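Each step along the sequence shown adds one to the number in numbering that gives the first Met the number 0, with nothing skipped, and position 74 is 73.
Some notes on the structure that comes next.
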Amino acid sequence: MQIIHHGAKDGVTGSCHELVIEPDYSILIDCGLFQGAEQRALDIDFDLSRVKALVVTHCHIDHVGRIPWLFAAGFRGKIYLTQASAALLPIVLEDGIKVHFGSNRLFDAVETLLDKRMVAAPYNQWLQPCDNVNYRIRFQPAGHILGSAFVEVDMPDGTRGVFSGDLGPCNTPLLPDPVPPEFADWLVMESTYGQKVHDDISQRRFRLKTIIERSLRDGGVILVPAFSIGRTQELLFDLEQLIHELADDPIHQIPIILDSPMAQKFTDNYRIFKKFWGLEAKQKLQSGRHPLNFEQLVCIDSHSDHQALVNRLTNSGEPCIVITASGMVSGGRIVNYMKALLPDKRTDVLLVGYQAKGTPGRALFKDDAFIRFDEDTVKNNAQIHNLGGYSAHADKDELIGFITKVKGLTKVRVVHGEPKSQHKFKENLLNVNANLVVEAACDI
Ligand SMILES: [Zn+2]
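In structure tokens form, the structure reads like this:
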């Protein structure tokens with residue numbers, strides 16, 4: 000196999016892998032944005048002349064954010080993705096363009112190209128993108144976010160490869176666990192948490208409850224920076240469960256504020272694509288509950304309502320839970336909340352996702368005394384909590400468990416991890432199976 004890594008080679012962002020199928024025919028797996036300390040120019044800096052198609056594993060911005068720049072560089076091939084990803088992609092790119100250019104003026108042109116280029120496919124169905132080149136691809140559920148997939152590729156030489164995309168953890172209530180492919184010859188594997196084991200998912204709701212109870216006692220806001228897709232819906236799911244379980248508890252009084260038009264759109268799509276939910280979530284629906292749409296949930300749309308709420312909470316300190324983007328506190332409405340509320344010692348911050356190097360989220364994760372937001376520096380007096388059970392990524396043991404179930408595997412290329420994580424993961428993997436050929440992309 001010849002695979003060139005144009006991103007997520009020695010970090011966790013900018014995912015973009017080029018699989019060369021024939022000397023003059025290749026496909027890209029993802030085309031994402033570089034973020035945080037890995038940030039760089041967005042222009043496509045590699046030759047596109049043999050790139051004939053793009054395959055999207057899922058719609059996180061670090062996997063799809065450079066698609067507009069791919070179009071700008073002249074790419075006119077098809078974009079293969081799952082049905083739910085096809086619904087999410089225009090929303091993600093419109094927001095990405097707005098964040099980058101300050102307006103979504105350029106989105107119309109991108110949307111027209113997307114309409115023409117996207118090929119939405121069901122899971123577990125082979126697709127043959129080209130009549131003249133004998134290869135096929137298939138999406139399988141990755142359990143990471145709505146629509147997420149790992150991709151199997153049958154090559155002209157008869158071998159089968161797999162790109163993991165981002166793999167979700169096991170035992171989350173909203174999406175089914177990823178099921179490893181039956182067999183493969185080689186695997187390109189993410190390693191975001193290649194050296195870490197997560198907190199127990201079954202305990203996360205109770206840790207959340209403890210923090211909410213404390214906050215109700217001493218007042219103040221609970222701020223939750225969360226990715227609009229995935230993390231936000233998992234949190235809503237758990238909050239609904241807590242409210243349901245604790246019928247006479249003060250938790251019934253705490254408003255849960257979703258201050259993100261983007262997150263609302265994604266939550267709507269989670270509701271539309273209920274058929275991809277896990278068993279527990281489907282059972283709740285059948286019993287008449289609405290895990291993503293309940294009475295205490297307040298949605299904030301307009302920017303003026305957002306600003307008014309920030310001002311009100313700064314003065315009143317009334318208890319409430321605010322869920323808003325961005326997940327790494329590197330932009331979006333969460334920054335306004337942080338600037339206003341971090342100096343207040345009643346404020347609680349719940350970190351529920353990965354915080355990349357160089358982002359304010361990472362500084363919060365380390366509980367730095369001062370947090371920098373562009374040109375502003377803010378004193379951090381808040382209580383910081385890291386709730387690992389909300390990660391949308393499989394941990395070290397789950398990644399290794401996934402790999403060891405794949406029959407016939409001889410070669411693994413480790414990507415999508417900081418170099419230390421890639422090396423540690425490689426070492427762990429070789430300890431489990433010394434016969435594998437394991438390469439860290441950061442060493443290539
Ligand atoms: Zn992802």
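Ideal placement from N, C-alpha and C gives every residue a C-beta, glycine not left out.
Predicted model only: the values in this text are computed from it and were never measured.
request  = Note down, one range per segment and in chain order, each alpha helix (DSSP H) of at least 4 residues found wholly within the region 215–250.
outcome  = Here the runs fully enclosed are 230–244.
request  = With a cut-off of 8 Å on the beta carbons, I'd call E317 and V11 a contact; round off their distance for me.
outcome  = As a working note, residue 317 is residue 318 in the sequence shown. As a working note, residue 11 is residue 12 in the sequence shown. Rounded, the Cβ-Cβ distance is 37 Å, inconsistent with contact.
query = According to the Cβ coordinates, are A355 and Q34 closer than 9 Å?
reply = Taking the sequence shown and counting its residues from 1, one reaches residue 355 at position 356. Taking the sequence shown and counting its residues from 1, one reaches residue 34 at position 35. Against a cut-off of 9 Å, the Cβ pair of Q34 and A355 comes out as a contact.
inquiry  = Could you check if S329 belongs to the surroundings of ligand 1, using beta carbon to heavy atom distance under 8 Å?
reply    = Here the question's residue 329 lines up with position 330 in the sequence shown. With a cut-off of 8 Å, the C-beta of S329 is classified as distant from ligand 1, since no heavy atom of the ligand falls inside that distance.
request  = Determine which residues share a DSSP beta bridge with S14 and list them.
outcome  = Position 15 of the sequence shown, counting from 1, holds the residue named residue 14. Residue pairing by DSSP leaves S14 without any beta bridge partner.
query = Any chance the CB of S325 is under 8 Å from a heavy atom of ligand 1?
reply = Along the sequence shown, one-based indexing puts residue 325 at 326. Answer for S325: no, Cβ out of range of ligand 1.
ask   = Do the region 255–270 and the region 382–392 make contact, defined as three or more Cβ pairs closer than 8 Å?
value = The region 255–270 makes no contact with the region 382–392, as fewer than three CB pairs between them are under 8 Å.
message = Below 8 Å, is the gap between the Cβ of A148 and the nearest heavy atom of ligand 1?
response = Within the sequence shown, residue 148 is the residue found at index 149, counting from 1. Not under cutoff, so the answer is no.
key: Between the CA atoms of Q421 and Y122 - distance to the nearest angstrom   = As a position in the sequence shown, residue 122 is number 123, starting the count at 1. As a position in the sequence shown, residue 421 is number 422, starting the count at 1. About 29 Å.
ask   = Mind checking whether the beta-carbon of I90 lies closer than 8 Å to any heavy atom of ligand 1?
value = As a first step, residue 90 must be located in the sequence shown, where it is residue number 91. The answer is no for I90.
query = Of the choices A85, E426 and L435, whose alpha-carbon is the least far from that of Q194?
reply = Against the sequence shown, residue 194 aligns to sequence position 195. Looking from the CA of Q194, the closest CA among A85, E426 and L435 belongs to E426.
Nearest-angstrom beta carbon gap, D347 and I253 [assumed within contact, 8 Å] = Here residue 253 corresponds to residue number 254 of the sequence shown, with the count starting at 1. Here residue 347 corresponds to residue number 348 of the sequence shown, with the count starting at 1. About 12 Å separates the two Cβ atoms, so there is no contact after all.
request  = Could you work out which residue in V196, A324 and D343 is closest to G360 when comparing CA atoms only?
outcome  = Taking the first residue of the sequence shown as position 1, residue 360 is located at position 361. When C-alpha distances from G360 are compared across V196, A324 and D343, the shortest belongs to A324.
inquiry  = By the three-class DSSP mapping on this structure, what secondary structure does A108 have?
reply    = By 1-based counting over the sequence shown, the position of residue 108 is 109. Shown here, A108 sits in a helix according to DSSP, grouped into three states.
query = Quick one: is the Cβ of D165 within less than 8 Å of any heavy atom of ligand 1?
reply = One-based indexing of the sequence shown puts residue 165 at position 166. Yes, since a heavy atom of ligand 1 falls inside the 8 Å radius drawn around the Cβ of D165.
task = Give a yes or no on whether the C-beta atoms belonging to D165 and A362 are separated by under 9 Å.
result = Walking along the sequence shown from the start, residue 165 turns up at place 166. Walking along the sequence shown from the start, residue 362 turns up at place 363. In this structure, the beta-carbon distance from D165 to A362 does not fall below 9 Å.
Any non-hydrogen atom of ligand 1 closer than 8 Å to D94 Cβ = On the sequence shown, residue 94 is found 95 positions in, with the first residue counted as 1. D94: no, Cβ never under 8 Å from ligand 1.
ask   = Is the region 133–147 in contact with the region 97–107, if contact means three or more CB pairs nearer than 8 Å?
value = In short, these stretches do not touch, since the Cβ pair count stays below three.
key: Outcome for D44 when other beta-carbon atoms lying within 10 angstroms are tallied against a minimum of 16   = By one-based count along the sequence shown, residue 44 stands at place 45. It is exposed - the Cβ of D44 has fewer than 16 other Cβ atoms within 10 Å.
ask   = Apart from the five residues on each side of it in sequence, which residues of its chain come closer than 7 Å, Cβ to Cβ, to G73?
value = Counting from 1 along the sequence shown, the entry for residue 73 is found at position 74. In its chain, beyond the 5 residues on either side, L47 have a beta carbon closer than 7 Å to the beta carbon of G73.
DSSP three-state assignment for H59, whether helix, strand or coil = On the sequence shown, position 60 is the one that residue 59 refers to. Coil.
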